[in-house]
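**Q** Submitted below is the structure of interest, expressed as structure tokens.
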Ligand SMILES: *[C@@H]1O[C@H](CO)[C@@H](O)[C@H](O)[C@H]1NC(C)=O
Ligand SMILES: *[C@@H]1O[C@H](CO)[C@@H](O)[C@H](O)[C@H]1NC(C)=O
């Protein structure tokens with residue numbers, strides 16, 4: 105199965121490299137000129153596309169008609185996504201971004217990033233439009249969520265804290281099928297802080313890699329909701345993704361939603377939702393590119 109997607113990926117690379125350029129683009133955006141095609145084409149049907157069109161302005165992220173995401177969730181009540189999101193120019197673009205048509209975005213948090221009076225957390229998390237808590241196409245079959253991350257040295261995370269960055273939370277909010285995290289995981293002091301890590305439903309780390317400060321890091325996580333497995337893919341810069349775990353047994357039951365952004369946990373409390381410590385004047389952010397969920401039926405994964 106995996107070989108099929110690898111082969112497809114190689115084929116796509118070949119097509120994109122044909123003289124005349126843009127060959128690969130015809131797979132994707134017929135008739136539109138592509139002066140800077142992305143490093144890699146997506147190969148599988150896209151279920152949710154979190155790669156904002158480059159024409160979108162900040163205010164468009166407050167509007168159901170224009171945002172790829174839910175404009176109302178999950179953020180401080182007094183804040184708008186047009187304030188929370190920044191749109192840095194990042195060169196080179198993330199692996200699956202076509203800079204002519206798509207732009208990366210930065211999710212930021214500060215002292216006002218308090219959702220629903222959860223005073224222990226500082227959080228800003230995006231949900232895809234259409235990713236309903238029940239009966240979402242994102243929580244059935246086989247789905248792969250892709251995202252690339254770039255560190256922002258002007259808004260660094262404080263890795264003495266625990267961060268959730270990408271996860272899938274069950275519909276009853278009782279568990280996360282997986283967590284993609286950074287920093288000091290509370291109660292698990294043996295885990296390195298300066299890493300991106302994937303934790304399974306039992307909050308056990310299944311994979312990690314050092315956080316790089318100067319280039320994109322590309323991740324994909326396949327959730328097989330039929331077989332109850334989880335599989336991680338990774339690459340740096342513009343390299344193709346490689347599978348870095350097997351398909352690991354994981355309880356993917358319970359439906360729910362993906363979330364993408366920053367959830368910063370406090371220190372010094374046993375009630376992380378409602379209390380605890382954060383330094384004042386927080387100014388943190390994380391840059392996301394190439395965010396999408398694809399249908400991996402038949403083993404299809406864009407690499
Ligand atoms: C947090 O950031 C938002 C958006 O830029 C801003 O409106 C708000 O005033 C900031 N809050 C603090 C406490 O700095
Ligand atoms: C990072 O977080 C730790 C734990 O809350 C805190 O002691 C430290 O002052 C923070 N660092 C910065 C630069 O604020």
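In my numbering, the protein residues as written are 105 to 407. Glycine included, every Cβ here is placed at the ideal spot set by N, Cα and C.
Near residue 197, what residues of its chain come up, given a Cβ to Cβ distance below 6 Å and the 5 sequence neighbours on each side ignored?
**A** Cβ within range, chain order: 203.
**Q** Span of the beta strand (DSSP E) holding residue 312?
**A** Residues 309–314.
**Q** Under 5 Å from any heavy atom of ligand 2, by CB: list those residues in chain order, please.
**A** Here the list is 262, 264, 371, 383.
**Q** Measure the C-alpha to C-alpha separation of residue 397 and residue 188 and round it to an integer number of angstroms.
**A** So the two alpha carbons sit approximately 23 Å from each other.
**Q** So what does DSSP say about residue 401, is it helix, strand or coil?
**A** Helix at residue 401.
**Q** Would you list the residues sitting across from residue 389 in a DSSP beta bridge?
**A** Answer is 212.
**Q** May I ask whether a heavy atom of ligand 1 can be found less than 6 Å away from the beta carbon of residue 176?
**A** Flag unset: Cβ of residue 176 not near ligand 1.
**Q** Between the C-alpha atoms of residue 364 and residue 230, what's the straight-line distance to the nearest angstrom?
**A** Spanning the two alpha carbons is a distance of roughly 5 Å.
**Q** Counting only C-beta atoms, is residue 290 closer than 7 Å to chain C at any point?
**A** Absent here is chain C; the protein component of the structure consists of one chain.
**Q** For residue 360, count the other beta carbons within 10 Å of its own beta carbon; 16 or more makes it buried, fewer makes it exposed. Which is it?
**A** Classification of residue 360: buried, given that the 10 Å Cβ count is 16 or more.
**Q** Specify the secondary structure class of residue 339 as computed by DSSP and reduced to three states.
**A** In the structure shown, residue 339 sits in a strand (DSSP, three-state: E or B).
**Q** Do you know whose CA, among 178, 237, 392, lies nearest residue 222's CA?
**A** Among 178, 237, 392, the Cα nearest to that of residue 222 is on 178.
**Q** Tell me the rounded alpha-carbon separation between residue 340 and residue 312.
**A** So the two alpha carbons sit approximately 13 Å from each other.
**Q** Name the DSSP beta bridge partners of residue 409, please?
**A** Any property of residue 409 remains undetermined from this structure, which presents the chain solely from 105 to 407.
**Q** Tell me where the beta strand (DSSP E) around residue 187 begins and ends.
**A** First-last for residue 187: 185–188, but that is the alpha helix (DSSP H), not the beta strand (DSSP E).
**Q** Please report the distance separating the alpha-carbon of residue 375 from that of residue 338.
**A** When rounded, the distance between both Cα atoms is 33 Å.
**Q** So the candidates are 276, 151, 257; which of them puts its Cα closest to the Cα of residue 249?
**A** Closest option to residue 249, Cα to Cα, is 151.
**Q** Return the residue from the list 315, 252, 143 that minimises the CA-CA distance to residue 210.
**A** The residue with the shortest Cα to Cα distance from residue 210 is 252.
**Q** Would you grab the beta carbon distance between residue 367 and residue 267 for me? Rounded to a whole angstrom, and I think it's under 8 Å.
**A** Sure, about 7 Å apart at Cβ, within 8 Å.
**Q** Of all residues in the structure, which have a C-beta closer than 5 Å to any heavy atom of ligand 1, taken in chain order?
**A** Residues flagged by the Cβ proximity filter: 187, 214, 215, 216.
**Q** Counting pairs of beta carbons, one from the region 346–359 and one from the region 233–241, are three or more of them closer than 8 Å?
**A** With a cut-off of 8 Å, the region 233–241 and the region 346–359 count as touching, because enough Cβ pairs lie within range.
**Q** Less than 7 Å separating the beta-carbons of residue 345 and residue 322?
**A** Their beta carbons are under 7 Å apart, which means residue 345 touches residue 322 by this criterion.
**Q** State the Cα-Cα distance for the pair residue 165 and residue 401, rounded to the nearest angstrom.
**A** Their Cα atoms are separated by approximately 31 Å.
**Q** For the beta strand (DSSP E) that residue 371 lies in, which residues bound it at each end?
**A** Residue 371 -> no beta strand (DSSP E), and no H or E assigned at all.
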